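Those sequence lines, one after another, are chains A and B.
89 is the number of the first residue of the first sequence in the working numbering; add one for each residue after it.
89 is the number of the first residue of the second sequence in the working numbering; add one for each residue after it.
There are 2 protein chains.
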Amino acid sequence: MHLPNIPDIVVQRLPLYLRILTILREQGQTITSSQELGTRLDISPAQIRKDLSYFGEFGKQGMGYEIEFLISQLKRILQVNRKWNIAIVGAGALGYALVSHFGFEQWNFHITAVFDKDPQRIGQRLGNLTVLDVTKLAEVILEKNIQFGIIAVPTKEAQGVAEQLVTAGVRAILNYAPVSLKIPKHVHCHSMDPVALLQSMAYYQETQDA
Amino acid sequence: MHLPNIPDIVVQRLPLYLRILTILREQGQTITSSQELGTRLDISPAQIRKDLSYFGEFGKQGMGYEIEFLISQLKRILQVNRKWNIAIVGAGALGYALVSHFGFEQWNFHITAVFDKDPQRIGQRLGNLTVLDVTKLAEVILEKNIQFGIIAVPTKEAQGVAEQLVTAGVRAILNYAPVSLKIPKHVHCHSMDPVALLQSMAYYQETQDA
DNA sequence: TAGATTGTTAATCGATTAACAATC
DNA sequence: TAGATTGTTAATCGATTAACAATC
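Structural data, given as structure tokens:
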């Protein structure tokens with residue numbers, strides 16, 4: 089359905105635009121400009137206009153963008169004006185932090201199931217959910233029409249879990265384990281690794297003793 | 089101390105190289121090649137060689153890279169062969185997941201203090217640490233020689249916390265709140281927003297009912 | 001109208017890749 | 001030696017930005 093030839097990096101900026109527009113709307117504002125958005129996001133106004141222009145014309149010359157309208161357009165483009173179902177694999181401290189994170193439900197990402205392989209955890213409550221046996225993964229993903237998976241298991245198990253998710257038909261994966269997953273090209277995947285980010289920031293530090 | 093003119097994006101790939109090299113070493117391997125690293129990371133071999141060449145010559149023609157040696161060089165370049173102290177602000181579920189994450193200590197990032205503003209939480213244990221009053225932030229950061237801050241508070245408090253961290257002298261921030269922080273250019277900052285990543289992945293999904 | 005801001009083009013800037021001499 | 005793989009250059013590719021006509 090979506091337009092061809094949109095650079096990945098542009099798609100990854102759209103959620104930032106959506107996020108800041110939502111904040112401005114919350115503050116009672118109804119109109120904004122590429123200038124204002126740029127200042128708030130530390131992105132050049134030209135880039136914002138260019139990014140938006142891949143998808144249509146959403147502003148008015150001399151006037152800027154109607155916030156409400158641009159929000160609705162970005163939601164439509166990103167396909168986040170509908171509900172998506174998510175499975176979390178791993179019911180440890182990270183899994184618990186994820187099910188406790190209100191941002192997902194707020195943005196139409198519904199955490200539908202949580203899995204673990206540890207018999208101590210299976211059957212326990214985690215937030216509003218009961219932890220399920222990971223051997224039931226494929227079955228539940230099909231039954232509950234789950235499209236996205238979040239990997240919150242130890243590094244050594246991450247690749248195996250990724251493969252199970254892919255086999256079960258999940259179409260995108262968010263990976264919290266510090267490892268590059270090998271999965272088919274048609275399954276989208278992003279990794280979050282706080283240690284890698286800290287390491288890249290350590291590079292820029294002036295040397296000084298701890 | 090570090091070399092000028094290294095693109096940010098190159099610096100951000102170095103931790104990936106370090107990570108995969110460590111995995112290969114763990115598996116008993118002693119030599120690798122840009123080809124092998126590339127396959128494992130889904131990065132072109134030419135790019136890996138080019139990235140490394142910014143910092144020196146670490147391989148041997150016809151032979152590849154000695155894993156142990158390259159690991160030690162990357163650690164030196166990234167300045168992660170020394171200990172860095174970290175403060176976490178926010179002692180909720182996310183704060184707990186972070187202090188429970190063994191990856192930090194394993195990689196020489198020492199979580200030295202955890203702060204919260206909630207009197208219910210102040211004084212409680214969180215992992216090995218006692219939650220401190222956030223009003224003591226500047227004092228403790230100075231005392232304990234903390235260089236990095238991790239923000240794990242609700243969105244509305246994130247900007248204020250960032251400013252306190254900067255004032256206290258923190259030199260890099262990892263931000264888990266879904267907001268673009270306004271901080272001075274000399275303080276490095278990365279944000280982790282799982283919702284933004286899910287939204288960008290939703291863009292690529294074929295439409296289909298939930 | 002005058003002022004402001006969009007959407008878009010062309011120029012610039014920067015990152016990736018192909019190719020290969022050097023050499024282990 | 002023959003085969004393999006590095007380090008590096010130059011070409012390619014792609015993303016960002018400057019500038020401005022259009023127009024609200």
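Where is the CB? At the ideal position from N, CA and C, for every residue including glycine.
If you're wondering where the values come from, they're calculated on a predicted model, not measured in any experiment.
- Boundaries for Tyr292 (chain B): no alpha helix (DSSP H) harbours it, and the DSSP string shows neither H nor E there.
- Short of 6 Å from the beta carbon of Arg209 (chain B), and not among the five residues preceding or following it, lie these beta carbons of its own chain, in chain order: Ala179 and Val219.
- Scanning chain B for C-beta atoms nearer than 9 Å to the C-beta of Gly191 (chain A) yields Thr243, Pro266, Asp281, Pro282 and Val283, reported in chain order.
- Counting along the chain, Tyr105 (chain B) sits inside the alpha helix (DSSP H) bounded by residues Asp96 to Glu114.
- Closest in alpha carbon position to Lys148 (chain B), among B:Trp172, B:Ser121 and B:Gln135, is B:Ser121.
- Taken atom to atom, the span from the alpha-carbon of Ile176 (chain B) to that of Leu285 (chain A) is near 15 Å.
- Proximity of the segment 229-243 of chain B to the segment 93-109 of chain B falls short of the contact definition, fewer than three beta-carbon pairs being nearer than 8 Å.
- Between Met280 (chain B) and Leu262 (chain B), the gap from beta carbon to beta carbon is short of 8 Å.
- Counting other Cβ atoms within 10 Å of its Cβ, Ile238 (chain A) reaches 16 or more and is therefore classed as buried.
- In the DSSP assignment, Gly191 (chain A) falls outside any beta strand (DSSP E) and lies within the alpha helix (DSSP H) extending over Gly191 to Gln194.
- Using a CB distance cut-off of 8 Å, Pro103 (chain B) counts as an interface residue toward chain A.
- Secondary structure note for Tyr153 (chain B): its beta strand (DSSP E) is the uninterrupted segment Gly152 to Glu154.
- Distance from the Cα of Gly257 (chain B) is smallest, within the candidate group B:Gln235, B:Ile271, B:Asp206 and B:Arg170, for B:Gln235.
- Within the segment 100-129 of chain A, those residues whose Cβ lies closer than 8 Å to any Cβ of chain B are, in chain order, Gln100, Leu102, Pro103, Leu104, Leu106, Arg107, Ile108, Ile111, Arg128 and Leu129.
- For a cut-off of 8 Å, the C-beta gap from Trp172 (chain B) to Phe190 (chain B) is around 16 Å, too long to register as a contact.
- Judged by DSSP in its simplified three-state form, Leu158 (chain A) adopts helix.
- If one requires a minimum length of 3 residues, the beta strand (DSSP E) runs lying completely within the segment 164-244 of chain A are 172-177, 197-204, 217-221 and 236-239, in chain order.
- Cα atoms of Pro95 (chain B) and Ser288 (chain A): separation of roughly 12 Å, rounded to the nearest angstrom.
- Per DSSP, the continuous beta strand (DSSP E) segment holding Leu262 (chain B) begins and ends at Ala260 to Asn263.
- Taking a Cβ-Cβ threshold of 9 Å, the residues of chain B close to Tyr184 (chain A) are Ala181, Tyr184 and Ala185, in chain order.
- Around Ala290 (chain A), the beta-carbon contacts reaching into chain B at under 7 Å are Leu166, Gln167, Val168 and Trp172.
- Contact annotation: in the segment 190-223 of chain A, residues whose CB is within less than 7 Å of a CB in chain B are Gly191, Phe192, Trp195 and Phe197.
- Listed along chain A are Ala181, each with a C-beta nearer than 7 Å to that of Ser188 (chain B).
- When the five nearest sequence neighbours on each side are left out, the beta carbons in the same chain lying within less than 8 Å of the beta carbon of Tyr184 (chain B) are those of Leu214 and Gly215, in order along the chain.
- DSSP, read as helix, strand or coil, puts Ile136 (chain A) in helix.
- Residues of chain B whose Cβ lies closer than 9 Å to the Cβ of Leu262 (chain A) are, in chain order, Pro282, Leu285, Leu286 and Met289.
- In this chain, the beta strand (DSSP E) harbouring Ser279 (chain A) covers His276 to Ser279.
- By the neighbour-count criterion, in which 16 or more other beta carbons inside 10 Å mark a residue as buried, Ser268 (chain A) falls on the buried side.
- Here Lys163 (chain A) is buried. Its C-beta has 16 or more other C-beta atoms within 10 Å.
- A distance of 8 Å or more separates the beta carbons of Val168 (chain B) and Asp139 (chain B).
- If you look at Leu125 (chain B), you'll find it in the alpha helix (DSSP H) that goes Ser122 to Leu129.
- Taking Tyr291 (chain B) as reference, the option from A:Ala260, A:Pro133 and A:Tyr291 with the minimal CA-CA separation is A:Ala260.
- Taking 8 Å as the CB threshold, Arg259 (chain A) lines the interface with chain B.
- Here Thr200 (chain A) is buried. Its C-beta has 16 or more other C-beta atoms within 10 Å.
- Approximately 4 Å separates the beta-carbon atoms of Ala240 (chain B) and Leu182 (chain B); this is inside 8 Å, confirming the contact.
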